Amino acid sequence: MDFATLMLRRLGRLLLTVALISTIIFFVIRVIPGDPALVIAGVDAKAEDVAAIRAKLGTDRPLASQYLGWMLSVARFDFGTSLITGQPVTRLIFERFSLTLVLAVLGILIAILLALPLGVLSAVKRWSFWDYLGMAFSQIGMAVPSFWLGIMLLLLLAVKVRLFPLFGAGSLRHLVLPAVSLGLAQAAVLLRLSRAAMIEELAKEYVVTARAKGLTERMVKYKHALKNALLPVITVAGIQLGYMLGGAIIIEQVFSLPGLGRLFLTGIYQRDFPLIQGGVMFVAIVFSLINFTVDLLYSVLNPKIRIG
Amino acid sequence: MAEAEGGRLLEVRDLEVSFAQTTRSGPLGPRSGPLGPRRGPLGPRRGPLGPRRGTPALRGVDLELAGAEIRGLVGESGSGKTVTSTCIMGLLASPPGRIERGRIIFKGRDLLCLPAQEMRMLRGREIAMIFQEPSRYLNPSFKIGEQITEMLRLHLGMRRAEALHRAEELVEWVGLGGRRRVLHSYPHQLSGGMKQRAMIAMAISCNPSLLIADEPTTALDVTLQLQILKLILRLREALRMGILFISHDLGLVRAVADQVSVIYAGRIVESAPKQLLFNHPLHPYTRLLLLSIPAAARRGTRLRAIPGRVPDAEHIPPGCAFHPRCPLAEEVCRTQAPETLEREPAHSAACHLADKRWPD
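In C-alpha cells form, the structure reads like this:
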C-alpha cells in the first residue's frame with residue numbers, strides 16, 4: 001500500500017474514532033443521575049427557574065435533536081459557554097493549552113533524550129556500570145511520585161539555590177522544573193522499554209547476518225538493531241505525550257501552573273458541564289491525533305505495518 | 001578470487017570448542033524472550049540449568065575445502081555443524097563458547113590468530129554466509145538494495161550509484177532480474193525463494209572465495225529447494241567459489257557436493273569424495289544414515305531409522321561416541337575412542353570396525 005492511501009485510511013479512522021467518542025460522551029453524561037439544571041439552580045430553586053435553565057441548556061428538547069445539536073457543535077469545535085465564567089469553552093481550553101503543550105513537549109523531549117541513549121547503552125553493555133546506573137535510575141524513577149520530585153526540585157533549585165522561579169508561568173524558565181519532573185518520571189518507563197527492545201533486537205538472527213557481512217559493530221548495533229528497537233519506544237512515547245497533553249494535573253498543582261489539568265479540575269469541582277464535556281472531547285481528539293501521528297511514524301520506520 | 005583453486009582454500013584442523021556453562025543458548029549467543037532477558041541485572045548470572053564447566057561442542061573437527069569445490073557437511077541437529085561454521089566465520093560468542101585448540105587455515109592464514117579487526121574485514125569480503133531462514137536473517141526494516149549496497153560500500157569502497165549498479169547486476173545474476181523493484185522492496189514483500197536469492201546476492205556481492213551455506217534450503221518448498229541448489233551449483237561453476245554446504249539431509253548433499261564429511265557428536269566420523277562415500281561407506285553411522293534416505297531402488301523395503309538420538313554435549317559416551325546406537329559395537333568401542341584413519345585414498349573414517357563386514 002502506498003503512503004497516500006495509508007494516510008487517507010488512517011485519517012478516516014481518526015474521524016470515526018472522534019465521532020464515536022463524542023457519541024459516548026453525549027450518552028454517558030445523560031445517563032449519569034442528576035439533572036444539570038437542578039445542580040445549577042440549587043436544591044430549593046423554583047420550578048420555573050429550573051425550566052428556564054433547562055431551556056437555556058437545551059436539555060428540554062427531545063434526545064435526538066439534542067444529539068444532533070451536540071454532534072454539530074463538535075464538528076464546529078464549539079462546546080458552548082462555561083456555566084461559571086460565561087466564556088466560550090473552546091477559548092478557555094486554548095488559552096490554557098499553549099502552556100500544557102510546551103510542558104508536555106519539553107517533558108517528552110527530556111524523557112526521550114535521557115532514556116533512549118541510556119537504555120540502548122545499557123542493552124549494549126549489559127551488566128556494566130552503565131547498565132546498573134540505568135536500571136537504578138529506572139527503578140527509582142518509577143518508585144518516586146512525580147509530585148514529590150517536583151517539590152524536592154522546588155526546595156532545592158528554587159528555594160535553597162534560587163535558580164528557578166518558585167511558581168507561576170510566563171517564561172520558559174518557569175517551565176524547566178515542571179518539565180524535568182514530568183520528563184524524569186516518563187524517562188524511567190522509556191528507559192526500561194528501550195533497554196528491553198534493544199536486547200531483544202540484538203538477539204535476532206538478522207544481527208548474525210549483519211556481523212557475517214563484516215559490518216562494524218557500530219553499524220550492526222546502531223544501524224541494524226536500533227532501527228528495529230525504535231518501534232516500541234516511539235509507540236509508548238506517543239502514548240505518554242498524549243497523557244501529558246491532557247494536562248498534568250498534579251504537576252500543575254505543585255508548580256501553580258495555569259494548564260489544562262487545573263482548568264478541567266476546577267470545571268469538575270464546579271459542575272461546569274459544558275467545560276467538562278468540552279474538556280473530555282478535546283483530550284480525546286488530541287489523543288487520536290497523537291495516535292495518528294505515531295501510526296505514520298511507525299509506517300515510515302517499519303514498512304511491514306503498511307499492510308494493515 | 002580463486003587463487004587457491006585446486007589447492008587448499010580452507011583447512012580446519014583438530015578444532016575443539018567447549019561451552020563454559022549450560023545456558024539455554026545456541027552457539028550465537030543467548031536468546032531472550034520478547035520480554036527481554038530472564039534475569040535482571042541483579043539476578044544470578046547462571047543459566048536456569050545450573051553451572052557446568054567446559055562441555056565439549058566440537059571434539060576435534062577436521063575439514064578441508066579446495067577452491068571451486070563443494071564440501072557437504074552432514075549431521076543431525078546438535079552434532080556441531082553450526083558451531084563449526086560459526087567458528088570459521090569468527091563469530092563464536094565467547095563466552096560462553098571457547099576454542100580450546102585447533103587451527104582454521106584460510107588461504108594460508110590461521111583465522112584463529114587474526115586480530116578481530118582483520119577477521120571482520122575478511123567476513124563478507126572473503127568468507128560469506130547464507131542461512132536457513134532468509135526471512136529471519138534479513139533485516140525487516142531495510143530495503144534489499146540497502147542491505148546489498150552497504151556491503152559493497154564498506155568492503156569495496158564503492159560510491160552509492162556504483163554500488164546500486166552492481167546490486168542490480170547481482171539480483172539479475174541470482175535470478176531476480178527483470179525485477180529491478182526487488183532492490184526497492186523490503187524483505188516481507190518477497191516470497192521465501194526470492195528472499196533466499198536476495199540473501200545469496202548479498203553474500204556473493206563482494207565476490208568471496210568461500211561461501212558457507214548453512215541449511216540454505218531447509219525452510220523452502222521442495223520445488224524451490226531445487227532452484228536454490230541449481231543456483232548454488234552455478235556459484236561454483238561460474239564464480240569458482242569454494243562452498244561449505246551444511247545440511248542434515250544426505251539426499252541434498254548427494255545432489256550438490258563433491259566431497260562429503262559426516263559429523264557426529266562434535267567429531268568428523270567419515271570423510272570422502274561423494275561417490276566413494278555413497279557407494280562404499282565405512283562408518284556404521286554413515287551406513288545407517290544412507291539407509292534412512294528414501295530411495296526408489298529400495299521401494300517396498302522399510303525405511304530404517306537410527307535408534308536413539310545424538311548425545312548432548314554433557315553426556316558424550318566414553319570410547320566411540322556412537323557406540324550406544326551402533327549395531328556393531330564391541331567391547332573396544334566402549335572404552336577406546338577410535339582414531340581417524342585413512343582407510344582408502346582420500347577416504348578416512350573414525351571407527352574401530354571400519355573394515356568389518358556389515359550384517360544384513
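For the record, the sequence lines run as chains R and S.
Each residue of the first sequence is one higher than the last, beginning at 1 in this note's numbering.
Each residue of the second sequence is one higher than the last, beginning at 1 in this note's numbering.
For each residue, glycine too, the CB sits at the ideal point set by N, CA and C.
It should be emphasised that the depicted structure is a prediction, and the values quoted were computed from it without experimental measurement.
Need the endpoints of the beta strand (DSSP E) that residue i sits in, please.
i                : result
Ser146 (chain R) : Ser146 (chain R) -> not in any beta strand (DSSP E); alpha helix (DSSP H) instead, spanning 146 to 154.
Gly72 (chain S)  : 70 to 74
Phe245 (chain S) : 242 to 247
Gly97 (chain S)  : 97 to 106
Val61 (chain S)  : 55 to 66
His347 (chain S) : 347 to 349
Glu342 (chain S) : 341 to 344
Ile212 (chain S) : 210 to 214
Met198 (chain R) : First-last for Met198 (chain R): 172 to 202, but that is the alpha helix (DSSP H), not the beta strand (DSSP E).
Tyr264 (chain S) : 259 to 264
Does any CB atom of chain S fall closer than 8 angstroms to the CB of residue i?
i                : result
Ala319 (chain R) : What the structure shows of chain R is the stretch from 1 to 308, and residue 319 (chain R) is not part of that stretch, so it cannot be assessed.
Thr209 (chain R) : yes
Pro303 (chain R) : yes
Tyr243 (chain R) : no
Leu215 (chain R) : yes
Tyr206 (chain R) : yes
With 16 as the cutoff for other CB atoms within 10 Å, does residue i come out buried or exposed?
i                : result
Met199 (chain S) : buried
Phe142 (chain S) : buried
Cys87 (chain S)  : buried
Thr84 (chain S)  : buried
Glu201 (chain R) : buried
Val159 (chain R) : exposed
Lys356 (chain S) : exposed
Met198 (chain R) : buried
Met158 (chain S) : buried
Glu406 (chain S) : Only positions 1 to 360 of chain S appear in the structure, and residue 406 (chain S) is not among them; the question remains open.
Glu69 (chain S)  : buried
Ser171 (chain R) : exposed
Cys113 (chain S) : exposed
Thr100 (chain R) : buried
Pro33 (chain R)  : exposed
Are the C-beta of residue i and some C-beta of chain R separated by less than 8 angstroms?
i                : result
Leu73 (chain S)  : no
Tyr285 (chain S) : no
Leu138 (chain S) : yes
Ser292 (chain S) : no
Tyr186 (chain S) : yes
Ser191 (chain S) : no
Leu91 (chain S)  : yes
Ser94 (chain S)  : no
Ser141 (chain S) : yes
Met241 (chain S) : no
Met194 (chain S) : no
Phe131 (chain S) : yes
Arg24 (chain S)  : Legend: pLDDT at Arg24 (chain S) = 47, less than 50; position of this residue unreliable, value from coordinates given subsequently. Cβ-Cβ to chain R under 8 angstroms: no for Arg24 (chain S).
Asp14 (chain S)  : no
Could you check how far apart the C-beta atoms of residue i and residue j are, in whole angstroms? I think they sit under 8 angstroms.
i                : j                : result
Glu16 (chain S)  : Gly54 (chain S)  : Not really, about 10 angstroms apart at Cβ, beyond 8 angstroms.
Gln227 (chain S) : Gly193 (chain S) : 7 angstroms
Ile110 (chain R) : Ala185 (chain R) : Between Ala185 (chain R) and Ile110 (chain R) the Cβ distance is about 10 angstroms, and since that is not below 8 angstroms, they are no contact.
Pro284 (chain S) : Cys351 (chain S) : 7 angstroms
Asn302 (chain R) : Pro140 (chain S) : 7 angstroms
Asp214 (chain S) : Met129 (chain S) : 7 angstroms
Ala248 (chain R) : Leu182 (chain R) : 6 angstroms
Leu57 (chain S)  : Gly80 (chain S)  : The residue asked about is misnamed: residue 57 (chain S) is Ala in this sequence, not Leu. Right, their Cβ atoms sit about 6 angstroms apart.
Ile251 (chain R) : Gly150 (chain R) : 6 angstroms
Which two residues bound the contiguous alpha helix (DSSP H) that contains residue i?
i                : result
Gln270 (chain R) : No alpha helix (DSSP H) holds Gln270 (chain R); DSSP gives it neither H nor E.
Ile268 (chain S) : That residue, Ile268 (chain S), is in no alpha helix (DSSP H); its beta strand (DSSP E) goes 267 to 273.
- Task: Give, in chain order, every residue of the region 105 to 126 of chain S whose Cβ lies closer than 8 angstroms to some Cβ of chain R.
- Result: Arg120, Met121, Leu122, Arg123, Gly124, Arg125
- Task: Report the residues of the region 207 to 234 of chain S with a CB closer than 9 angstroms to any CB of chain R, ordered along the chain.
- Result: Ile212
- Interfacial residues, the region 217 to 230 of chain R to chain S, with Cβ spacing under 7 angstroms: His224, Lys227, Asn228
- Give the residues from the region 147 to 168 of chain S that approach chain R closer than 9 angstroms (Cβ to any Cβ), ordered along the chain. Gln147, Glu150, Met151, Leu154, His155
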